[in-house]
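First comes the structure, then the notes that go with it.
Numbering (the UniProt record's numbering), first residue to last: 1 to 474.
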């Protein structure tokens with residue numbers, strides 16, 4: 001083939017399929033990256049290992065002649081090395097981290113209030129330090145809430161059952177300082193419960209962001225997904241006894257190498273994996289590293305993202321025996337980036353846990369996540385951020401904003417119009433449409449391992465809403 005064959009294509013076949021579902025021969029190649037190369041490097045190449053087929057189309061740039069699929073893949077690998085990439089890092093913490101412990105207690109209180117009284121108004125904060133947990137805030141509810149029992153049960157379920165692991169659920173001091181919601185706020189927001197749902201105002205001012213990207217099936221950033229799943233896996237192997245030396249506290253962090261494909265994020269590889277986990281006195285650092293690689297990292301991170309250059313920092317401090325509230329003070333609302341998108345998109349600053357649905361810090365963030373996810377899932381864009389803002393006591397949002405980072409199939413202003421027609425951003429209606437008044441353990445589940453990208457029917461804001469739009473003519 002020559003550059004003059006610009007409009008021609010040829011299908012190359014080899015009898016032997018690739019050794020890996022997303023590899024060429026001998027070196028891993030990501031399908032999404034192949035599509036990037038098609039558009040960017042002039043060697044338009046598709047590889048499907050399962051069909052043993054490569055389709056090569058010649059574009060405007062000079063492209064060498066390929067005599068086999070192997071040669072084509074070698075060209076792709078070399079092209080990959082020339083691509084400009086960047087590194088992005090996201091972190092997560094386990095359910096036994098003291099800040100996350102506080103988030104879970106606050107949301108357990110919220111669940112208990114909503115279960116007994118769906119109209120409960122809850123603003124519950126928690127703090128903790130050695131041998132002490134304090135619950136405080138403003139709660140107006142018809143329910144009879146046993147705050148101390150909720151605190152102890154939550155700590156026990158996480159695994160804080162002795163001072164050796166950072167806190168003893170049965171012996172720690174529990175302090176409670178709860179007052180009712182300010183009547184000034186109540187009359188402005190709820191009209192003393194005389195307002196219809198569509199008339200209920202926002203519980204406070206603020207602005208919230210929702211984000212979505214097509215780089216993972218969850219429509220979430222890969223760096224955040226992997227960091228979060230590593231943390232969840234640490235808890236799983238601790239509780240099922242696979243790694244009996246593990247203790248509740250721990251942190252994870254993942255650095256991913258990305259390629260920016262005209263605004264869309266394409267993961268190339270995992271650059272660095274960091275895990276710092278609390279452990280008992282008996283285990284050695286070598287045993288920790290071996291177990292983490294075999295039982296935590298291997299089941300979580302797809303092989304296609306790991307290579308010989310991937311860096312692993314496994315308990316790099318050398319010792320992490322003292323953990324939980326004994327090692328660090330904890331407070332509700334201090335892990336807001338972990339709760340959302342791992343540093344991607346944007347954040348308005350408001351925390352989620354311990355807040356009932358009239359608090360738009362929570363419900364507003366949920367509805368714009370649904371909007372952003374629906375935009376991407378419906379094919380309107382590959383990547384998207386949505387912002388909404390409110391004034392206290394006012395039902396209608398002050399503003400709604402959409403940015404698709406240049407990946408939109410139609411102009412952003414048209415997507416914004418679709419969003420406004422498809423989603424009701426009034427607090428009272430968000431509560432109804434997302435079914436946010438239901439208790440049980442619904443909000444407790446959100447308080448560890450992320451509020452978004454979860455496959456759980458209780459996460460109603462993760463349901464993709466069909467959006468009507470006309471694709472532009474090719």
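Quick reminder that beta carbons are idealized off the backbone N, C-alpha and C, glycines included.
Computed from a predicted model, the values in this text were never measured in an experiment.
Residue 235 and residue 115 closer than 8 Å at C-beta: Residue 235 sits at position 235 when you count from the first residue of the chain shown. Residue 115 sits at position 115 when you count from the first residue of the chain shown. It is not a contact, given that the beta carbons lie outside the stated cut-off.
Neighbourhood of residue 201 by C-beta, 6 Å cutoff - its chain only, sequence neighbours within 5 removed: If you number the chain shown from 1, residue 201 lands on position 201. Only residues of its own chain outside the window of five on either side were considered, and among them 189, 393, 394 and 395 have a CB closer than 6 Å to the CB of residue 201, listed in chain order.
Close beta carbons around residue 314, own chain, < 7 Å, minus the five adjacent residues each side: Locating residue 314 in the chain shown gives position 314, where the first residue counts as 1. Annotation for residue 314: 275, 288, 289 and 292 place their beta carbon closer than 7 Å to its own, counting only its chain and skipping 5 residues before and after.
Residue nearest to residue 197 in terms of C-alpha spacing, selected from 272, 425 and 412: As a position in the chain shown, residue 197 is number 197, starting the count at 1. Out of 272, 425 and 412, the CA that lies nearest to the CA of residue 197 is found in 425.
Pair within 8 Å by beta-carbon distance, residue 255 and residue 272: One-based indexing of the chain shown puts residue 255 at position 255. One-based indexing of the chain shown puts residue 272 at position 272. Annotated as proximal: residue 255 and residue 272, with beta-carbon spacing under 8 Å.
Whether residue 343 touches residue 337 by CB criterion (8 Å): Residue mapping note: residue 343 aligns to position 343 of the chain shown, counting from 1. Residue mapping note: residue 337 aligns to position 337 of the chain shown, counting from 1. With contacts defined as CB atoms closer than 8 Å, residue 343 and residue 337 qualify as a contacting pair.
Pair within 8 Å by beta-carbon distance, residue 148 and residue 136: On the chain shown, position 148 is the one that residue 148 refers to. On the chain shown, position 136 is the one that residue 136 refers to. Going by C-beta atoms, residue 148 is not nearer than 8 Å to residue 136.
Range covered by the beta strand (DSSP E) that runs through residue 388: Here residue 388 refers to the residue found at position 388 when the chain shown is read from its first residue. The continuous beta strand (DSSP E) containing residue 388 extends over residues 383-390.
Cross-strand partners of residue 261 (DSSP beta bridge): Within the chain shown, the letter at position 261 stands for residue 261. According to DSSP, residue 261 bridges with 264.
Sequence-distant residues of the same chain with beta carbon closer than 6 Å to residue 176, five excluded per side: Walking along the chain shown from the start, residue 176 turns up at place 176. Cβ neighbours of residue 176 within its own chain (closer than 6 Å, five residues either side excluded): 135 and 147.
Bridge partners - residue 246, DSSP secondary structure assignment: Within the chain shown, numbered from 1, the residue matching residue 246 stands at position 246. Answer is 279.
Burial state of residue 330 (16 or more Cβ within 10 Å): In the chain shown, residue 330 corresponds to position 330, counting from 1. Its Cβ being crowded by 16 or more others within 10 Å, residue 330 is buried.
Distance CB(residue 365)-CB(residue 100) smaller than 8 Å: Position 365 of the chain shown, counting from 1, holds the residue named residue 365. Position 100 of the chain shown, counting from 1, holds the residue named residue 100. No. Outside cutoff.
Residue of 378, 372 and 390 minimising C-alpha distance to residue 384: The residue you call residue 384 lines up with position 384 of the chain shown. Ranked by how close their Cα comes to the Cα of residue 384, the residues 378, 372 and 390 have 372 in first place.
Inter-residue spacing [alpha-carbon to alpha-carbon] between residue 280 and residue 118: What you label residue 280 is simply residue 280 of the chain shown in a count that begins at 1. What you label residue 118 is simply residue 118 of the chain shown in a count that begins at 1. Spanning the alpha carbons of residue 280 and residue 118 requires a straight line of approximately 42 Å.
Length of the line joining the Cα atoms of residue 9 and residue 305: Numbered from 1 along the chain shown, position 9 holds the residue referred to as residue 9. Numbered from 1 along the chain shown, position 305 holds the residue referred to as residue 305. The predicted position of residue 9 is uncertain, since its pLDDT is 35 and thus under 50; no value can be drawn from it.
Alpha-carbon to alpha-carbon, residue 142 and residue 345: Indexing the chain shown from 1 puts residue 345 at position 345. Indexing the chain shown from 1 puts residue 142 at position 142. Approximately 39 Å, taken between the alpha carbons.
Rounded straight-line distance, which links the Cα of residue 170 to that of residue 156: Counting from one through the chain shown, the residue named residue 156 turns up at place 156. Counting from one through the chain shown, the residue named residue 170 turns up at place 170. One C-alpha to the other measures close to 8 Å.
Proximal residues to residue 317 (C-beta, below 6 Å), its chain only, five neighbours per side dropped: Position 317 of the chain shown, counting from 1, holds the residue named residue 317. Residues of the same chain with a CB within less than 6 Å of the CB of residue 317, apart from the 5 flanking positions on each side, do not exist.
Pairwise C-alpha distance: residue 97 and residue 240: Taking the first residue of the chain shown as 1, we reach residue 240 at position 240. Taking the first residue of the chain shown as 1, we reach residue 97 at position 97. In a straight line, the C-alpha of residue 240 is about 19 Å away from that of residue 97.
Helix, strand or coil at residue 95 [DSSP, three-state]: Position 95 of the chain shown, counting from 1, holds the residue named residue 95. Residue state, collapsed to three classes: coil.
Cβ neighbours of residue 173 in the same chain (closer than 7 Å, five flanking residues each side left out): Taking the first residue of the chain shown as 1, we reach residue 173 at position 173. Counting only Cβ-Cβ distances below 7 Å, and skipping sequence neighbours, we find 131 and 132.
CA nearest to the CA of residue 478, picked from 473, 438, 471 and 470: For the chain, the structure presents residues 1 to 474; residue 478 sits outside this window and is missing.
For residue 476, the nearest candidate out of 401, 382 and 245 (CA to CA): Here the chain has residues from 1 to 474 only, and residue 476 is not among them.
Top-ranked residue by Cα proximity to residue 210, from 388, 265, 216 and 455: Along the chain shown, read from residue 1 onward, the residue named residue 210 stands at position 210. Closest by alpha carbon: 388.
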